[in-house]
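Visitor: Mind the numbering: the sequence shown is residues 81 to 179 in the working numbering, read in order. Where a beta carbon is used, it is the ideal one built from N, C-alpha and C, also for glycine. My structure is below; once you've seen it, I'll send some questions.
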Amino acid sequence: MFNPTDITPYMHVFAFHIPEFLRKLCDKGLNMRQFSTLSIEKKNHLHVKLFFGGTIMGEENSNSNHSVLHDMLSFENRLLYYIINDTLQCIKQRIIHSS
């Protein structure tokens with residue numbers, strides 16, 4: 081099917097070594113799901129979305145001496161604080177009558 085010159089090292093590892101690694105993981109009660117980078121990819125997606133969807137794109141914030149990355153991480157930290165401390169996520173309009 082393939083000529084020996086067509087086989088790359090990646091194909092060799094996939095065919096001959098990955099099954100062995102999976103068996104060793106299974107013997108230790110582990111699986112590939114525990115080595116997933118899905119959470120890292122999701123975090124990257126959220127940072128890219130924040131960067132390109134917000135007004136912080138491209139330059140440092142004129143109101144501070146911090147970099148864009150610092151502003152993004154500060155925003156993320158505030159979000160986590162609100163979630164952990166069960167802070168309201170939206171502003172509720174209230175009418176205040178003066179007497």
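Could you check what DSSP says for residue 83 in three-state terms: helix, strand or coil?
Guide: Residue 83 falls in the coil class under three-state DSSP.
Visitor: Please report the distance separating the alpha-carbon of residue 141 from that of residue 114.
Guide: Note on residue 141: pLDDT 49, under 50, position unreliable in the model; no value is reported.
Visitor: Note down the Cα distance separating residue 122 from residue 116, rounded to an integer number of angstroms.
Guide: Looking at the two C-alpha atoms, the distance is approximately 11 Å.
Visitor: What's the gap between the Cα of residue 88 and the Cα of residue 153?
Guide: Spanning the two alpha carbons is a distance of roughly 41 Å.
Visitor: Measuring only the C-alpha atoms, how far is residue 162 from residue 83?
Guide: About 59 Å.
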